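For reference, each letter of the sequence shown is one residue, going 1 to 177 in the UniProt record's numbering. Even glycine gets a Cβ: it sits at the ideal position worked out from N, Cα and C. Here the structure is a predicted model, which is why all the values come from computation and not from measurement.
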Amino acid sequence: MPDQPTPTNPALEQAKAQFIQLWGASSANWGISRSLAQMHALLLVSPAALSTEELMAQLQISRGNASMTVRELMDWGLVYKELKPGERREYFVAEKDMLQVTRCIIRERKRRELDAMKRSLAQLAALPGDPADPEYREFHRVLGDIQQLTDSADSVLSGVMKAEKNWLIDKFLRMFL
1 MPDQPTPTNP ALEQAKAQFI QLWGASSANW GISRSLAQMH ALLLVSPAAL
51 STEELMAQLQ ISRGNASMTV RELMDWGLVY KELKPGERRE YFVAEKDMLQ
101 VTRCIIRERK RRELDAMKRS LAQLAALPGD PADPEYREFH RVLGDIQQLT
151 DSADSVLSGV MKAEKNWLID KFLRMFL
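Take a look at the structure:
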C-alpha cells in the first residue's frame with residue numbers, strides 16, 4: 001500500500017473528515033448505509049482516484065465492506081473505475097458534477113421507491129369489489145389520490161433527471177424569488 005501523504009493543511013484534513021462524517025450521519029435519512037455515504041463523500045472530496053486499499057484505510061472498513069460498497073456506488077452511477085497504466089489495482093473516482101449526482105440519486109430512488117409504490121398501487125386499485133360499498137369507494141378514492149400524487153412526483157422527478165443545469169437553477173430560484 002502506498003504511503004499516505006502527510007497532510008499539508010491540517011485544517012483542510014479536519015474539514016474533510018467532518019464532511020465525511022456529516023455525509024455518513026445523514027445517510028440514515030436517505031435510507032442508505034453509513035459506509036456507502038462515507039465512501040461517496042471521501043471519493044467526492046478526493047482530488048485523485050483511490051484504490052480499494054486506500055478506501056479501506058481511510059474509512060477503517062474491511063475489504064468485503066469496501067468492495068460491496070464501491071460496487072453499489074457504481075450501480076448507482078455515482079462512482080467509476082479509473083484505469084492507471086501499469087497498475088494492477090483498481091482505482092475509483094466519484095462523479096463530481098452535482099447535477100449529475102442528483103440525477104443518479106433521483107433515478108435510483110425513483111426506481112427503488114416510487115416505481116415500486118406505483119406498481120403496488122396499481123395492483124391494489126385493480127382488486128375487484130362492489131362500487132356501491134362505501135368502504136370500497138373510499139378505499140379507491142384514497143388510492144386514486146395517492147396515484148395522482150405519485151404520478152405528479154414521477155413527472156417532476158423525470159423533469160429534474162432530464163434538466164439542464166441552467167434550467168434547474170432557474171426553476172429553483174423562481175420558487176424562492
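Inter-residue spacing [alpha-carbon to alpha-carbon] between residue i and residue j
i, j, result
"Met98", "Leu42", "15 Å"
"Phe19", "Met56", "17 Å"
"Gln21", "Arg111", "27 Å"
"Met161", "Leu78", "14 Å"
"Ala116", "Ser155", "15 Å"
"Thr52", "Leu121", "41 Å"
"Ala132", "Arg141", "13 Å"
Residue j beta carbon less than 9 Å from that of residue i
i, j, result
"Ala49", "Glu72", "no"
"Ala15", "Ser26", "no"
"Arg114", "Ala153", "The residue asked about is misnamed: residue 114 is Leu in this sequence, not Arg. Yes, these two residues count as a Cβ contact at 9 Å."
"Ser35", "Asn9", "no"
"Tyr136", "Asp130", "yes"
Residues near residue i by beta carbon distance below 7 Å, same chain, minus five either side
i, result
"Leu124", "Leu143"
"Met39", "Leu55, Leu59, Thr69, Val70 and Leu73"
Reference residue i; option with closest CA among the options
i, options, result
"Asp75", "Gln148, Ile105 and Ser51", "Ile105"
"Gly24", "Ile146, Arg89 and Thr69", "Thr69"
"Thr102", "Glu13, Leu157 and Gln148", "Leu157"
"Gln100", "Leu44, Asp151, Leu127 and Pro85", "Leu44"
Close-in-space but distant-in-sequence residues of the same chain around residue i (CB under 8 Å, 5 per side omitted)
i, result
"Ser46", "Val93 and Ala94"
"Arg119", "none"
"Arg89", "Ser51, Thr52 and Glu53"
Nonlocal neighbours in the same chain, by C-beta distance under 6 Å from residue i, ignoring five residues either side
i, result
"Ala32", "With the sequence shown as reference, residue 32 is identified as Ile, and Ala is not the correct amino acid for it. Once the five neighbours on either side are set aside, Ile32 has no close Cβ partner at all."
"Glu108", "Trp76"
Any chance you could list the alpha helix (DSSP H) runs of at least 4 consecutive residues sitting entirely within the region 76-152, in chain order?
98-109 and 115-125
Going along the chain, which unbroken runs of the alpha helix (DSSP H) with 4 or more residues stay wholly within the region 24-67?
34-45 and 52-59
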